[in-house]
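To start, the structure itself, in structure tokens.
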Amino acid sequence: MQLEHRGPYFVPLYEPLPEDVRFYYDGKPLKLSLATEEIATFYAKMLDHEYTTKEIFQNNFFHDWRKEMTSEEQEIIKELDKCDFREIHKYFVDKNEARKALSKEEKQKLKEEADKIQEEYGYCILDGHREKIGNFKTEPPGLFRGRGEHPKMGMLKKRVMPEDVVINCSRDSKIPEPPEGHKWKEVRFDNTVTWLASWTENIQNTLKYIMLNPSSKLKGEKDWEKYEVARRLKDVVHTIRAQYRKDWESTEIKKRQRAVALYFIDKLALRAGNEKEEGETADTVGCCSLRVEHIQLHPRLDGQEHVVEFDFLGKDSIRYYNKVSVEKPVFKNLKLFMKNKDPTDDLFDQLTTTFLNKHLQHLMDGLTAKVFRTYNASITLQEQLKALTNPEDNVAGKLLSYNRANRAVAILCNHQRSVPKTFARSMQVLQEKIDAKKKQVEEAQAEVKKAEDEFNETKDAKAEANVEKKKKLLKRLEEQLARLNVQATDKEENKQIALGTSKLNYLDPRISVAWCKKFGIPIERIYNKTQREKFAWAIDMAGEDFEF
DNA sequence: CGACAGACTTGGGTAGACGTAT
DNA sequence: ATACGTCTACCCAAGTCTGTCG
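In terms of UniProt numbering, the first sequence is residues 1 to 548.
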């Protein structure tokens, strides 16, 4: 076991503002101490973000900022409302503009400098192989944002110093030098873990790690193992489903809750839903942490029976909204679990993820709740590709089918994105193209008619040829219109769907590789360079007859 | 057990690189 | 050549799950 690296690259130290860029308090300029000024710039940079208008953000920021002030500053700066950061804000906006306006040569020079750092710090040696590191830089200080309604938004995220950093490498390797005048917190030689360096972050008091890039052998092997576990689930999933159906009728409530939760995890690809510390993070839930207020039962709805309406915030505060017709015993059990409870009570009050996973472990070695997501995602891709791919289609048509299959998975896993800022605009441009094409089609139709009339009158061969010519043109235009319409549909369907996460984390790449080989699609058409590096193991391994 | 620490995967957002249409 | 839209790389937060400790 050998692990050798340079340690993390530390982001540059704070550079003080020029003299003429001032902070104002209560309308008067105020020279700030270096540390206080640095934190002020964090806030100033964010001025045009909506979240600086949120009370929690402002309070957290002001509280943390005051802690870092000198006692003199604390005496003066008592209200955030009286702080004027606008000059500082403008300074950074201008600086940004200036950087964008740099000449090609200057930009090239900056890039070379960045490449040099990457070259020096971005790689390590693992068992004799040079491997790319994922994140080799420490995170810069700033104001914590978080996602959704995070109670800690606006808090000060402190600068990481070498004295905070634990280095992990092999005993026989060249131990990285800390920056001049500094020491590491610790150097250890632990070959049971995969990280190269770590530090504790001050907002949630959790560890951050420097780890290898997904293209590395180590990560690739882990990825492969993950999909192999999911493939093993394929063999036993029918038994497991039979089992949880039986458990719906168990005399133990705890077992019933486990069986219903597992049904949701399997059918709807919900996350496990660990419990979280209240007040420390945004209020989000997964399966086991669902509360009564997150579901509504409809004995009948839109012509379906036993409909459960889900509405809750999941990971990253992404909304999960779904109406699902469930099997009758599930519906009955849910009614029972909700009886005499308040909206804020846990739906599965007897259930924890640990209890659920213990059970799963017993059903299959290595089985946990999240394996169902991987399994269902991958099997769905395989089935959808089978159903949607038409061998007669051209490459573009086949790729559309691939995207549709990918999209089915993203919908299953509820991978959403906010509508891109340019969406409306680019949709409009496309619509204009469609309208123009429609007009052309209409004109071509008129032309055909005219030519036909002329032929009917004259019956001469020249006129007949002209009819054929006009018809051909019409056909081509109609095809172009159809293609534009497909494109518009595709775009609209993809508006709020994020395909990347499933592609990167849930879909066994061997399914895609096999599909490409089978239908003669170049692999570059579905995986970009980074993705090909990450999935190199699969590209090597999978033949066209690979079955998940 | 249950709380907590630790390690690792999964997740959406965004700046800026990049490619394409004009 | 440039403007503009799209894609990628990067960022770092937020999950999952295991092991340990009292």
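Where a beta carbon is used, it is the ideal one built from N, C-alpha and C, also for glycine. All figures in this text were calculated on a predicted structure; none of them were measured in a lab.
query                                                                                                                                                                   : result
Can you pull the DSSP bridge partners for T200?                                                                                                                         : L207
Is the distance from the Cβ of I210 to the Cβ of L196 below 7 Å?                                                                                                        : yes
Between Y209 and the ligand ADP, is there a pair consisting of the residue's CB and a ligand heavy atom that are separated by less than 6 Å?                            : This structure lacks the ligand ADP, and indeed carries no ligand of any kind.
As a quick exercise: from G314, H306, Y320 and I318, pick the residue whose alpha carbon is nearest that of K328.                                                       : H306
Confirm, please, whether the CB-CB distance from K437 to Q480 is below 7 Å.                                                                                             : yes
List the endpoints of the continuous alpha helix (DSSP H) containing R232.                                                                                              : K217 to D247
Would you check if the segment 13 to 27 and the segment 65 to 84 touch, i.e. whether three or more CB-CB distances between them fall below 8 Å?                         : yes
CB-CB under 8 Å to Y285, same chain, minus the five flanking residues each way: which ones, in chain order?                                                             : It is worth fixing the name first, because residue 285 is Val in this sequence and not Tyr. Answer for V285: G273, R291, H294, F312, L313 and G314, listed in chain order.
Considering only C-alpha positions, which residue in the set L336, C287, A446 and H238 is nearest to L363?                                                              : H238
By Cβ distance below 8 Å, which residues in the same chain neighbour I133 in space, the five residues on each side in sequence not counted?                             : H5, Y121, G122, Y123, C124, L196, I210, M211, L212 and N213
Could you give the distance in angstroms between the alpha-carbon of A369 and the alpha-carbon of Y506?                                                                 : 14 Å
To the nearest whole angstrom, what separates the beta carbons of K433 and L351, a pair I think is in contact under 8 Å?                                                : Between L351 and K433 the Cβ distance is about 53 Å, and since that is not below 8 Å, they are no contact.
Please classify D127: does DSSP put it in a helix, a strand, or coil?                                                                                                   : coil
By DSSP's criteria, F310 is part of a beta bridge. Which residues make up the other side?                                                                               : I295 and N322
Between which two residues does the beta strand (DSSP E) holding I167 run?                                                                                              : V166 to N168
K439 by DSSP, collapsed to three states: which one?                                                                                                                     : helix
Are the CB atoms of I521 and F548 within a distance shorter than 7 Å?                                                                                                   : no
Excluding the five sequence neighbours on either side, which residues of its own chain have a C-beta within less than 8 Å of the C-beta of N135, listed in chain order? : I210 and M211
Ordered along the chain, which non-local residues of its own chain (more than five positions away) have a Cβ less than 8 Å from that of K157?                           : E139, P141, G142, L143, F144, E201, N202 and I203
If contacts are defined as beta-carbon pairs under 8 Å, then E163 and K137 qualify, I think. What distance do you get, rounded to the angstrom?                         : About 17 Å separates the two Cβ atoms, so there is no contact after all.
For F264, collect the residues of the same chain with a Cβ closer than 7 Å to its Cβ; drop the 5 residues on either side in sequence, then sort them by chain order.    : L270 and C287
Only counting the same chain, and skipping five residues up and downstream in sequence, which positions put a Cβ closer than 8 Å to that of I497?                       : R407, A410, I411, H415, Q416 and R417
Can you give me the Cβ contacts of L388 inside the same chain, cut-off strictly under 7 Å, excluding the 5 residues immediately before and after it?                    : S401, R404 and A405
Need the endpoints of the alpha helix (DSSP H) that V395 sits in, please.                                                                                               : V395 to L412
Given a cut-off of 7 Å on the beta-carbon distance, is the pair Q257 and F348 in contact?                                                                               : yes
Checking 7 Å against the spacing of the C-beta atoms, do V371 and L268 come in under that value?                                                                        : no
Is V187 helix, strand or coil when you go by DSSP?                                                                                                                      : strand
Note down the Cα distance separating E87 from D115, rounded to an integer number of angstroms.                                                                          : 33 Å
Within the continuous alpha helix (DSSP H) that includes V371, where are the two ends?                                                                                  : A369 to L388
Taking the straight line between their C-alpha atoms, what separation do you get for K90 and R532?                                                                      : 42 Å
Where does C83 sit, in a helix, a strand or coil, going by DSSP?                                                                                                        : strand
Look at the Cβ atom of I117, then the Cβ atom of Y9, and state whether they are nearer than 7 Å.                                                                        : yes
Quick one: Cα of A514 to Cα of P391, how far?                                                                                                                           : 14 Å
Check the DSSP bridge columns for E4 and list the partner residues they point to.                                                                                       : I125
Of all the options K439, V326, L360 and E280, which has the alpha carbon lying nearest to the alpha carbon of M153?                                                     : E280
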